[in-house]
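What follows is one structure encoded as structure tokens, with my remarks underneath.
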Amino acid sequence: MEEIIRFDDVKKSYGEKTIIENFNLSIEKGEFLTIIGSSGCGKTTILKMINGLIEPEYGNIFIKNRNINEENIIDLRRNIGYAIQGGVLFPHMTIEENISYVPNLLNKKNKEKTKEAVKKWISIVGLEEDMLERYPDELSGGQQQRVGIARALAASPDILLMDEPFGAVDEITRGQLQEEILDIHNRTGITIVFVTHDIAEAVKLGTKVLVMNEGKIEQYSSPKEMLKNPNTDFVKALVSRERKFCNLSEEEECKYSNAN
Ligand SMILES: Nc1ncnc2c1ncn2[C@@H]1O[C@H](COP(=O)(O)OP(=O)(O)OP(=O)(O)O)[C@@H](O)[C@H]1O
Ligand SMILES: [Mg+2]
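Counting from 1, position 110 in the sequence shown corresponds to residue 122 in this note's numbering; the numbering is continuous, with no gaps.
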């Protein structure tokens, strides 16, 4: 197995408050990692450290064995797609311009190649080509969400960071987007780091789940292992909440998480 992201003894505080400390994590290439934990426990902080939006005050982060501290931050970000919840599109640009923003920077000379890429991604996220001419406020929330994902994917990054990307959409759209992102992961082999509040979503999507509480790792395992052997009381509570919610027996649930 090949490691793609590593946190090495990372610390980050804001003022007096330490958010994470002695944080170590190794993520393998091609993994679909879901991160779940209580609000304010540091999930977004961890995600933003991967693309250099937040710098650790201590420790190091490596991508493909290179310390991101010593890398050109723009080059780093081109290789890392970032999709966040709600309102992330450029409002004054059409959908086509939004999606082609990064590819245009990358292959300035080859406009045709970018056009093809935009068409490909818009269809992969399940939207019609005739939407390309519209502006973000002429799309529904769920459609905008899909454009955000297409934009994050359009530069063909090796790593895709997603921060509660399906939080703002209804259940049906959410289910469809989940299927699409699973399909994209299967087809491209991209490494995904996906933050969610929803334990069912974490189990459904993840090849690995990271459970966090107050900046500490409670469990880092396959979803199946987490459901079978929750490491701590915190994880136990999380798992039992999800079981009640979905009305599943342990056996049914393992089957469900095995379907990935
Ligand atoms: N710029 C900042 N200045 C001060 N405190 C901050 C700053 N950014 C984040 N924090 C604090 O750091 C902690 C971790 O924030 P973070 O955004 O990583 O949480 P999270 O796990 O993503 O939470 P949520 O699930 O609510 O999105 C929170 O207590 C937050 O208030
Ligand atoms: Mg967050």
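By construction, the Cβ of each residue, glycine as well, lies at the ideal position given by its N, Cα and C atoms.
At a threshold of 7 Å, does residue i count as lining ligand 2 (C-beta to nearest heavy atom)?
i, result
"V207", "yes"
"T46", "no"
"T244", "no"
"D175", "yes"
"K29", "no"
"T56", "yes"
Is the beta carbon of residue i within less than 7 Å of some heavy atom of ligand 1?
i, result
"T219", "no"
"I204", "no"
"Y94", "no"
"G64", "no"
"G49", "yes"
"Y232", "no"
"I179", "According to the sequence as given, residue 179 is Gly; it is not Ile. False, no ligand heavy atom lies under 7 Å from that Cβ."
"Y70", "no"
"Y26", "yes"
"G138", "no"
When you compare each of the options to residue i by their alpha carbons, which one comes out closest?
i, options, result
"K76", "K228, I39 and G154", "I39"
"N91", "E254, K240 and I17", "I17"
"H104", "D149, I136, E67 and P68", "D149"
"G54", "A214, V22, L101 and N79", "V22"
"F35", "P68, K60 and M174", "P68"
"I204", "D170, D87 and R146", "D170"
"E15", "I32, R78 and I66", "R78"
"I80", "I134, V181 and M61", "M61"
"T219", "E83, H197 and N122", "H197"
"R199", "S168, E226 and D210", "S168"
Can you tell me whether residue i is helix, strand or coil according to DSSP?
i, result
"M238", "helix"
"M61", "helix"
"L37", "strand"
"K76", "coil"
"D20", "strand"
"I196", "helix"
"E43", "coil"
"V215", "helix"
"V100", "coil"
"I92", "strand"
"S233", "strand"
"N81", "helix"
"L28", "Checking the displayed sequence, the identity of residue 28 turns out to be Glu instead of Leu. E28: coil per DSSP, three-state reduction."
"E67", "coil"
"I48", "strand"
"I204", "strand"
"E226", "coil"
CB residue i to CB residue j, shorter than 8 Å?
i, j, result
"P242", "V221", "no"
"F206", "F44", "yes"
"M48", "V159", "Position check: residue 48 holds Ile in this sequence, whereas Met was assumed. For I48 and V159, no; Cβs fall outside 8 Å."
"G93", "L172", "yes"
"R89", "N63", "yes"
"E176", "T208", "yes"
"K139", "Q155", "First, the residue type needs correcting, since residue 139 is Leu and not Lys in the sequence shown. Cβ distance < 8 Å, so L139 and Q155 count as in contact."
"V130", "S152", "no"
"L250", "L217", "no"
"E183", "A212", "no"
"L189", "V215", "no"
"L144", "E191", "no"
Is there at least one Cβ from chain C nearer than 8 Å to residue i's Cβ?
i, result
"F102", "Of the protein chains in this structure there is only one, and it is not chain C."
| said: If we require 4 or more residues per run, which alpha helix (DSSP H) segments fall completely within the segment 110 to 186? | reply: Within the segment 110 to 186, the complete alpha helix (DSSP H) runs of at least 4 residues are 123 to 136 and 153 to 165.
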